[in-house]
Each structure stands twice: as C-alpha cells, then as structure tokens.
Amino acid sequence: MISIETPLARRKRIPLTPLIDVIFILIMFFLLSSTFGVWRPLDVALGGGAPAGGTETQKPASVAAVLIVVKARPGSDGTALTVNGRDMVLADLTEELNRLAEAGARDAVLLPARGTDFQLVVRILDEARNSKLTSVRLHLD
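Just so we're aligned: 127 in numbering that gives the first Met the number 0 is position 128 of the sequence shown, and the numbers increase by one with no gaps anywhere.
Structural data, given as structure tokens:
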C-alpha cells in the first residue's frame, strides 16, 4: 500500500492589522464624540450663602443691591423681567445694570419665579456677569 504523507497544516497566526484598525476606529470615535468646549465657571451664590469658592464677607449696609425679579406673565414669551421695580426687556438688562453699577451698586440678587425656564435664568446671569457689577446671587424659593 502506498501512503502519501500530507503535511500537517501550520497554525495560522492571527493578523494584528484588523485589531489595530478596530482600536484606531474606537479611539477616533471617542475623540470625535467628546466635547472640547471651554467651560467657564459661573460664579453664583445660592440663597444668600457664600459665593462659590469664596468666603462670606460683611458688606457695608450703605451700598444698595440690585434686585432682578423674573415673573410669569401671560404673553408672547411668558416672562416679565423687573430690575429694581422697573419693567425691562432682556436686551436692555446689561445697559441698566451698568447704569446702576455706575450709581454705586455692586451686587445683584436674581429672584426667578417657580417654573422659570432654566435657560432664561442662565442667560440673565450671563448678562449680569457681563455688566460692571461685582457679584450676582441667585435666590431660589
């Protein structure tokens, strides 16, 4: 009988190229899906406590604070903005706060009504931050 020896099959090595490709694709996915926005802190004190990251200091009573009130109102946008008792539109807020800062005000207190849109509160805080006032406090009921 004739016997033909068949060579034993060599074990193939697992190629690393597809593995490296998959890892590269995952790295690119996580890099592109993450946010690269510059986060800037919004210095806000809640409810009359110390400012974020700072200590409570006693201010002279002679300096008046600016009172910003946001109330619900039936109408186009559903909110009414009042600064020291004067009705105001959001576009004129920075100008009014700068005028009050030049008159001697240093601080502002923001009192939003329940159900006020959070984006509106952040926008008002940002407008106050861009003004000449030194600090803004957010008072929540």
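Every residue gets a Cβ at the ideal spot worked out from N, C-alpha and C, and that includes glycine.
Residues that DSSP places opposite residue i in a beta bridge
i	result
Ser134	Asp106
Val68	Thr81, Leu110
Under the three-state DSSP convention, the category residue i falls into
i	result
Thr93	helix
Arg85	strand
Ser2	coil
Arg10	coil
Arg122	helix
Thr16	helix
Asp140	coil
Ser32	helix
Distance CB(residue i)-CB(residue j) smaller than 8 Å
i	j	result
Arg136	Val108	yes
Leu99	Leu89	no
His138	Leu96	no
Thr115	Val82	no
Leu132	Ala102	no
Asp91	Ser134	no
With 16 other Cβ atoms within 10 Å as the buried cut-off, status of residue i
i	result
Val65	buried
Ile3	exposed
Ile123	buried
Leu31	exposed
Ala127	buried
Nearest to residue i (by Cα), restricted to the options the options
i	options	result
Ile67	Glu4, Ser33, Leu119	Leu119
Arg113	Ile24, Thr34, Thr78	Thr78
Ser130	Thr115, Glu94, Pro14	Glu94
Min CB distance residue i to chain E below 8 Å
i	result
Gly84	The chain inventory of the structure shown lacks chain E, comprising one protein chain alone.
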